[in-house]
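Colleague: One structure follows; several queries about it will come next.
Numbering (my numbering), first residue to last: 1 to 522.
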């Protein structure tokens with residue numbers, strides 16, 4: 001941990017059709033009647049955040065909400081003038097950028113400011129003011145200049161934070177580290193109604209609780225979920241200390257959804273309305289640029305970030321463009337026409353990897369790319385909602401990496417609610433097949449409850465998959481330290497999260513050396 005950080009803490013066609021029909025999306029027109037609200041009070045109850053850093057720019061974000069769990073955040077349905085400042089120091093004696101904008105009710109008074117003209121590789125501090133009230137101060141950091149020699153980069157990656165499964169103990173730990181960026185790999189919210197018996201000492205309005213809400217579907221319901229999650233002080237602390245880079249998985253919309261289809265066979269027309277609501281709420285609550293603002297049910301999520309000559313981060317979207325999920329015994333399971341990423345994104349990824357001159361090339365995606373056989377003994381049982389369920393798609397990507405001789409491929413993933421470290425092989429059936437990269441899958445922040453060091457499923461994973469080098473089933477996240485010589489992944493795990501007061505410790509440090517796609521333990 002770094003003392004300065006502690007000190008700071010203290011102080012398509014369907015798209016077009018849907019886009020034309022805002023009533024279907026549940027998005028009220030500006031002329032709609034005002035909702036109940038209050039005209040004064042402290043509006044920064046959801047904190048502040050920054051994200052998507054470039055060498056000369058970063059997005060700063062807040063959302064005004066006088067009462068996060070009240071309808072519409074307790075705000076009147078009218079615009080609010082918001083001022084913002086970016087400074088070189090946390091006391092704002094050296095303000096370098098400032099301005100004002102309007103927090104519009106149509107986007108639930110969310111503010112996204114794309115601050116330009118900043119200097120590369122610099123820490124900056126930012127804050128907002130509205131109605132005479134001043135927000136908490138956030139700290140952000142710009143990316144290094146393009147191609148600049150970078151001696152070290154530190155980042156954390158996180159995923160899967162079910163509010164009802166436990167406390168965000170891991171985020172308090174994240175906030176204590178001096179990371180250049182924090183990467184969220186999906187399942188930021190869960191779409192299920194909140195069980196009233198796990199209210200975490202928070203008074204939950206009945207409109208958010210099960211059985212009044214079985215699953216979130218409307219725009220306002222998705223907004224309520226984000227407000228509930230983001231009101232957590234530990235999550236807010238983690239948002240304040242470094243810029244975030246985010247993507248989505250399934251629970252931001254619906255469990256195991258794939259492209260235009262959900263798991264329960266809902267007609268695609270109504271599911272796409274739900275998807276539009278979900279992605280709209282996601283954009284409203286994340287520090288994302290206008291280029292990421294959804295058009296109907298479509299959102300440009302996959303994008304790329306370079307950090308000097310050291311690291312290229314390819315942020316993936318493995319939900320919007322995938323074909324239907326099929327059972328493993330389906331005749332079409334291995335059809336090469338099936339895709340996990342969509343053809344356009346797959347080409348974008350391989351072009352970006354093949355053309356990269358960075359030392360480390362990262363695929364930041366939602367699941368485990370390594371094959372994970374969960375059947376003891378002979379035979380093969382695969383998880384059909386991850387890369388295992390789309391074997392031809394994975395083969396194309398890994399073959400493309402091998403043919404392009406991509407240097408130091410590292411995949412980072414989440415979703416599994418367990419920590420997994422694996423070699424990525426060109427052919428997982430052939431022990432002599434070359435390794436084309438490595439993968440670090442992070443566990444969940446809270447989803448799954450306290451967990452254990454190893455459970456029966458983890459032991460099967462280790463026994464049936466020789467390319468898997470490590471498994472742990474506790475909650476936590478991963479800190480990564482990257483230099484030109486090596487990559488180190490530090491797995492931080494919590495002793496418990498179902499009650500407050502848990503602590504985190506380092507369970508293991510795993511290292512990959514430059515030019516050697518093989519995981520070893522420190």
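We put the CB at the ideal spot given by N, CA and C, even for glycine.
State the start and end residues of the unbroken beta strand (DSSP E) segment that holds residue 441.
Modeller: Here residue 441 refers to the residue found at position 441 of the chain shown. Segment 435-441, the beta strand (DSSP E) holding residue 441.
Colleague: CA-CA distance, residue 74 and residue 124?
Modeller: The residue you call residue 74 lines up with position 74 of the chain shown. The residue you call residue 124 lines up with position 124 of the chain shown. Approximately 31 Å, taken between the alpha carbons.
Colleague: What is the DSSP secondary structure of residue 413, counted as helix, strand or coil?
Modeller: In the chain shown, counting from the first residue as 1, residue 413 sits at position 413. Strand.
Colleague: What distance in whole Å lies between the Cβ atoms of residue 47 and residue 230, which are believed to be in contact at a cut-off of 8 Å?
Modeller: Indexing the chain shown from 1 puts residue 230 at position 230. Indexing the chain shown from 1 puts residue 47 at position 47. So it is a contact: roughly 7 Å between Cβ atoms.
Colleague: Can you grab the Cα-Cα spacing for the pair residue 201 / residue 503, in whole Å?
Modeller: By one-based count along the chain shown, residue 201 stands at place 201. By one-based count along the chain shown, residue 503 stands at place 503. Spanning the two alpha carbons is a distance of roughly 20 Å.
Colleague: From the DSSP output, in three-state form, read off residue 344 for me.
Modeller: Counted from its first residue, the chain shown places residue 344 at position 344. Reduced to three states, the DSSP call for residue 344 is helix.
Colleague: Which residues does DSSP pair with residue 489 in a beta bridge?
Modeller: Reading the chain shown from its first residue, position 489 is the one you call residue 489. Answer by DSSP bridge pairing, in chain order: 480, 510.
Colleague: Beta-carbon separation of residue 283 and residue 228 under 8 Å?
Modeller: Residue 283 sits at position 283 when you count from the first residue of the chain shown. Residue 228 sits at position 228 when you count from the first residue of the chain shown. Going by C-beta atoms, residue 283 is not nearer than 8 Å to residue 228.
Colleague: Answer with buried or exposed for residue 515, where buried requires no fewer than 16 other C-beta atoms within 10 angstroms of its C-beta.
Modeller: Along the chain shown, read from residue 1 onward, the residue named residue 515 stands at position 515. That one is exposed.
Colleague: Please identify the residue among 487, 354, 225 whose C-alpha is closest to the C-alpha of residue 72.
Modeller: In the chain shown, counting from the first residue as 1, residue 72 sits at position 72. It is 225 whose Cα lies nearest to the Cα of residue 72.
Colleague: Per DSSP, what are the beta-bridge partners of residue 184 in this structure?
Modeller: The residue labelled residue 184 in the question sits at position 184 within the chain shown. Looking at the DSSP assignment, residue 184 forms a beta bridge with 158, 246.
Colleague: Please classify residue 522 as buried or exposed, where buried requires at least 16 neighbouring CB atoms within 10 angstroms.
Modeller: To locate residue 522, count along the chain shown from 1; it is residue 522. So residue 522 counts as exposed.
Colleague: Report yes or no: do the segment 345-358 and the segment 307-324 share at least 3 C-beta pairs separated by less than 8 Å?
Modeller: Result yes; three or more Cβ-Cβ pairs closer than 8 Å.
Colleague: For residue 120, which residues from the same chain have a beta carbon less than 6 Å from its beta carbon, with the 5 sequence-adjacent residues on both sides left out?
Modeller: Here residue 120 refers to the residue found at position 120 when the chain shown is read from its first residue. Excluding residues within five positions, the ones whose Cβ falls inside 6 Å are 55, 142, 144, 145.
Colleague: Cutting at 6 Å between CB atoms, please list the residues of its own chain near residue 381, excluding the five before and the five after it.
Modeller: For this step, residue 381 is matched to residue 381 along the chain shown. 374, 375.
Colleague: Could you check if residue 247 is buried or exposed, using at least 16 other CB atoms within 10 Å of its CB as the buried criterion?
Modeller: As a first step, residue 247 is located in the chain shown; it is residue number 247 there, counting from the start. By the 10 Å Cβ count, residue 247 comes out buried.
Colleague: Could you check where the alpha helix (DSSP H) with residue 292 kicks off and where it finishes?
Modeller: To locate residue 292, count along the chain shown from 1; it is residue 292. Premise fails: residue 292 is in no alpha helix (DSSP H) and is neither H nor E.
Colleague: Buried or exposed for residue 434, please, with buried defined as at least 16 other CB atoms from any protein chain shown within 10 angstroms of its CB.
Modeller: Here the question's residue 434 lines up with position 434 in the chain shown. Exposed, because fewer than 16 other Cβ atoms sit within 10 Å of the Cβ of residue 434.
Colleague: Does the segment 411-425 touch the segment 359-378, meaning 3 or more C-beta pairs lie closer than 8 Å?
Modeller: The segment 359-378 vs the segment 411-425: in contact.
Colleague: Under 8 Å Cβ to Cβ from residue 102, same chain only, skipping five residues before and after it: list those, please.
Modeller: Reading the chain shown from its first residue, position 102 is the one you call residue 102. The residues are 79, 80, 81, 82.
Colleague: Helix or strand or just coil, what does DSSP make of residue 93?
Modeller: Mapped onto the chain shown, residue 93 falls at position 93. Note: residue 93 maps to coil in three-state DSSP.
Colleague: Please list, in chain order, all residues of the same chain as residue 37 whose beta carbon is under 6 Å from its beta carbon, the five residues on each side excluded.
Modeller: Residue numbering aside, residue 37 sits at position 37 when the chain shown is read from its first letter. Summary for residue 37: the model assigns pLDDT 43, below 50, so the residue's position carries little reliability; its value from the coordinates is reported in the next sentence. The answer, listed in chain order, is 74, 75, 76.
Colleague: Helix, strand or coil for residue 515 per DSSP?
Modeller: The residue you call residue 515 lines up with position 515 of the chain shown. Correct three-state label for residue 515: coil.
Colleague: Quick one, are the C-beta atoms of residue 475 and residue 456 less than 8 Å apart?
Modeller: Residue numbering aside, residue 475 sits at position 475 when the chain shown is read from its first letter. Residue numbering aside, residue 456 sits at position 456 when the chain shown is read from its first letter. No, these two residues do not count as a Cβ contact at 8 Å.
Colleague: Between the segment 325-332 and the segment 394-407, do three or more beta carbon pairs fall short of 8 Å?
Modeller: No, they do not touch.
Colleague: So, using beta-carbon positions, are residue 459 and residue 477 closer together than 8 Å?
Modeller: Residue numbering aside, residue 459 sits at position 459 when the chain shown is read from its first letter. Residue numbering aside, residue 477 sits at position 477 when the chain shown is read from its first letter. Contact flag unset, no.
Colleague: Using the three-state DSSP reduction, which class does residue 139 fall into: helix, strand or coil?
Modeller: In the chain shown, counting from the first residue as 1, residue 139 sits at position 139. Three-state DSSP puts residue 139 in a strand.
Colleague: For residue 287 and residue 389, what's the separation of their Cα atoms in angstroms?
Modeller: For the purposes of this step, residue 287 is taken as residue 287 along the chain shown, with counting starting at 1. For the purposes of this step, residue 389 is taken as residue 389 along the chain shown, with counting starting at 1. Taking the straight line from one Cα to the other gives about 31 Å.
Colleague: Less than 8 Å between the beta carbons of residue 409 and residue 470, yes or no?
Modeller: Locating residue 409 in the chain shown gives position 409, where the first residue counts as 1. Locating residue 470 in the chain shown gives position 470, where the first residue counts as 1. For residue 409 and residue 470, no; Cβs fall outside 8 Å.
Colleague: Just checking my contact of residue 131 with residue 43 at CB under 8 Å: how many whole Å lie between their CB atoms?
Modeller: Counting from one through the chain shown, the residue named residue 131 turns up at place 131. Counting from one through the chain shown, the residue named residue 43 turns up at place 43. With 8 Å as the limit, residue 131 and residue 43 qualify as a contact, their Cβ atoms being about 6 Å apart.
Colleague: With H, G and I counted as helix, E and B as strand and the rest as coil, what does DSSP make of residue 85?
Modeller: In the chain shown, residue 85 corresponds to position 85, counting from 1. Three-state result, residue 85: strand.
Colleague: Quick check on DSSP: helix, strand or coil for residue 361?
Modeller: Counting from one through the chain shown, the residue named residue 361 turns up at place 361. DSSP places residue 361 in strand when its eight states are reduced to three.
Colleague: Which same chain residues end up closer than 7 Å to residue 405 when comparing Cβ atoms and leaving out the 5 residues on each side of it in sequence?
Modeller: Counted from its first residue, the chain shown places residue 405 at position 405. No residues qualify anywhere along the chain.
Colleague: Tell me residue 54's beta-bridge partners as DSSP assigns them.
Modeller: For the purposes of this step, residue 54 is identified with residue 54 of the chain shown, where counting begins at 1. 57, per the DSSP bridge assignment.
Colleague: Tell me whether the beta-carbon of residue 473 lies closer than 8 Å to the beta-carbon of residue 437.
Modeller: Counted from its first residue, the chain shown places residue 473 at position 473. Counted from its first residue, the chain shown places residue 437 at position 437. It is not a contact, given that the beta carbons lie outside the stated cut-off.
Colleague: Is it the case that the CB of residue 242 approaches a heavy atom of the ligand FMN more closely than 7 Å?
Modeller: The ligand content of the structure shown is nil, which means the ligand FMN is not present either.
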